[in-house]
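In my numbering, the protein residues as written are 93 to 633. Step one of this worksheet: look at the structure below.
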């Protein structure tokens, strides 16, 4: 465990190492000089640093998408052992078992290393005369967008966090008293996030390209990614108040208008369209497809997708499951052809699979159901568990399973369902139906019929329907916990009206009792606080 100042010192070393591996023409010097003119002397060095930022986003992928975004969302089975005999992981997070000694993650999830690298890039970009102006602005758009993304994750997770916007360690500032940093107020954090979003958009200007300088289509931050993030930020801020050690930031309902504009821009201005087949969205042969906005890239000859290889929600059919059956009584075996490569270290609740209409093609593109052979032999078809087949990569010609599926952060259906949520807030039931049914129609494909169309109801009914739709659409994509935290049973209601406390929420019901409302924010690990004298614990812990 390290203090903020130690994390930042480590980041300085990482800057040198990652940038070196990203570009072979760098004129390297002592690490102490990487904040000065010794490193930033050629255009290719700035180009290589974009890969550095992409790499840092990839390194934090499992924290963003699964640890912070999904595990607490109530869709997982609890208990120490999975149905296939594997040991379940991160049970304290899944069961909300947080206190000062059980914090889920340490060191703010490692985000400050990436933030420091981004700060360095911003500083050097703003001071350089090496780059053509158009490239300089594009890279500033990327950097400010990524910093807003990182701080928004921290804000939703911890509330008030330290705002480190300088490069003190990299520039040789070693006074520990100056490197300690207290948590800023929630007001200050959300204000900074909004300022970074505005800076990102201003620098991108009219540039709507996905990858203007050939760093990777839809895996390099873009104006579309900033607009999607801005929609998330303003929608969150319109509905969620944050109370922490340094005070309360009240929800700002007026932000709903800005959120709507940003998401409408995403839908209309970037040539996006839904892929006709839901299963095809996640094929390794169809990366950066027409509905993807931003994703983390994985390739066969590079790092594998840790979410599906280390934080996987499927199995190779080992142990107990090997001897069970499919719905037709045939042996379950190894349905995903993983050849010993996976384990059920997390397991989705059976209710999620059962919540799909059988005509909804997302069900069979996402899950393989496994049934109890003893019950089947008795004439009963009893669901034992499900195995996730979505987004697991491919088995290559050598018979080796490769975890090369991209992890998609933003795609078009997310913007459509956000607009449904905004329309519900505005009381526009026609638009609620329009946006939900756009997503549903693709999901049902050739099975689509009037009987499957959503018909809007009350505010609460619509909110619950949007959540249920997202549950089916975004399995493994890290949204459920944030949805529970943001969505409500009452428009403009109190903190306890959020779905995280509601028994009416589909699948799980409430995942937190109102008596533990403080747990919506995560605690800071004790070792980190003890090593940084300015850090105070999250309220309630």
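Positions of the beta carbon are idealized from the N, C-alpha and C atoms, including for glycine. Fair warning: this is a prediction, and the values are worked out from it, not measured in the lab.
Just the C-alpha distance for residue i and residue j, rounded to the nearest angstrom, thanks.
{"i": "residue 281", "j": "residue 374", "result": "35 Å"}
{"i": "residue 357", "j": "residue 350", "result": "11 Å"}
{"i": "residue 438", "j": "residue 445", "result": "15 Å"}
{"i": "residue 161", "j": "residue 416", "result": "32 Å"}
{"i": "residue 462", "j": "residue 473", "result": "10 Å"}
{"i": "residue 632", "j": "residue 338", "result": "13 Å"}
{"i": "residue 596", "j": "residue 305", "result": "48 Å"}
{"i": "residue 196", "j": "residue 190", "result": "7 Å"}
{"i": "residue 534", "j": "residue 370", "result": "7 Å"}
{"i": "residue 228", "j": "residue 364", "result": "26 Å"}
{"i": "residue 429", "j": "residue 484", "result": "11 Å"}
{"i": "residue 237", "j": "residue 177", "result": "43 Å"}
{"i": "residue 394", "j": "residue 302", "result": "22 Å"}
{"i": "residue 452", "j": "residue 618", "result": "46 Å"}
{"i": "residue 140", "j": "residue 146", "result": "10 Å"}
{"i": "residue 168", "j": "residue 572", "result": "11 Å"}
{"i": "residue 248", "j": "residue 353", "result": "22 Å"}
{"i": "residue 503", "j": "residue 469", "result": "43 Å"}
{"i": "residue 407", "j": "residue 435", "result": "4 Å"}
Could you tell me if residue i is buried or exposed, where buried requires 16 or more neighbouring beta carbons within 10 angstroms of its beta carbon?
{"i": "residue 608", "result": "exposed"}
{"i": "residue 310", "result": "buried"}
{"i": "residue 477", "result": "buried"}
{"i": "residue 627", "result": "buried"}
{"i": "residue 492", "result": "exposed"}
{"i": "residue 76", "result": "This structure cannot settle anything about residue 76, because the visible part of the chain is limited to 93 through 633."}
{"i": "residue 194", "result": "exposed"}
{"i": "residue 565", "result": "buried"}
{"i": "residue 547", "result": "exposed"}
{"i": "residue 199", "result": "buried"}
{"i": "residue 346", "result": "exposed"}
{"i": "residue 336", "result": "buried"}
{"i": "residue 552", "result": "buried"}
{"i": "residue 179", "result": "exposed"}
{"i": "residue 423", "result": "exposed"}
{"i": "residue 575", "result": "buried"}
{"i": "residue 288", "result": "buried"}
{"i": "residue 292", "result": "buried"}
{"i": "residue 44", "result": "Outside the shown range of the chain, which is 93 to 633, sits residue 44, and nothing can be said about it."}
{"i": "residue 431", "result": "exposed"}
{"i": "residue 601", "result": "exposed"}
{"i": "residue 519", "result": "exposed"}
{"i": "residue 126", "result": "Reliability of the predicted coordinates at residue 126 is poor, the pLDDT of 48 falling under 50, and the value obtained from them is presented with this limitation in mind. Residue 126 is buried by the Cβ-count criterion."}
Identify whether residue i lies in helix, strand or coil by the three-state DSSP scheme.
{"i": "residue 353", "result": "helix"}
{"i": "residue 505", "result": "helix"}
{"i": "residue 417", "result": "strand"}
{"i": "residue 387", "result": "strand"}
{"i": "residue 616", "result": "coil"}
{"i": "residue 49", "result": "Shown here, the chain extends from 93 to 633; a query on residue 49 therefore has no answer."}
{"i": "residue 40", "result": "Any property of residue 40 remains undetermined from this structure, which presents the chain solely from 93 to 633."}
{"i": "residue 202", "result": "helix"}
{"i": "residue 631", "result": "coil"}
{"i": "residue 179", "result": "strand"}
{"i": "residue 373", "result": "helix"}
{"i": "residue 335", "result": "strand"}
{"i": "residue 363", "result": "coil"}
{"i": "residue 245", "result": "helix"}
By alpha-carbon positions, which one of the options ends up nearest to residue i?
{"i": "residue 242", "options": "229, 225, 324", "result": "324"}
{"i": "residue 482", "options": "629, 492, 454", "result": "454"}
{"i": "residue 528", "options": "556, 247, 623, 321", "result": "556"}
{"i": "residue 391", "options": "486, 463, 229", "result": "486"}
{"i": "residue 333", "options": "239, 579, 629", "result": "579"}
{"i": "residue 164", "options": "441, 292, 366, 561", "result": "441"}
{"i": "residue 495", "options": "564, 582, 400", "result": "400"}
{"i": "residue 567", "options": "550, 314, 405", "result": "405"}
{"i": "residue 367", "options": "541, 140, 505, 348", "result": "505"}
{"i": "residue 343", "options": "296, 190, 283", "result": "283"}
{"i": "residue 510", "options": "244, 526, 498", "result": "526"}
{"i": "residue 259", "options": "275, 206, 227", "result": "206"}
{"i": "residue 381", "options": "362, 394, 276", "result": "362"}
{"i": "residue 187", "options": "611, 489, 296, 516", "result": "611"}
{"i": "residue 296", "options": "276, 286, 318", "result": "318"}
{"i": "residue 402", "options": "544, 250, 352, 159", "result": "159"}
{"i": "residue 536", "options": "550, 457, 212, 598", "result": "457"}
{"i": "residue 539", "options": "449, 562, 312", "result": "449"}
{"i": "residue 185", "options": "214, 614, 520, 353", "result": "614"}
Using 8 Å as the limit for Cβ to Cβ distance, is residue i near chain D?
{"i": "residue 413", "result": "No chain D appears in this structure, which consists of one protein chain only."}
Cβ of residue i versus every heavy atom of the ligand GDP: is any distance shorter than 7 Å?
{"i": "residue 477", "result": "The ligand GDP is absent from the structure shown, which contains no ligands of any kind."}
Alpha helix (DSSP H) segments (min. 4 residues) lying fully within the stretch 510–588: 521–536, 551–565, 572–578
Alpha helix (DSSP H) runs wholly inside the stretch 420–491, at least 4 long, in chain order: 442–447, 453–458, 465–469
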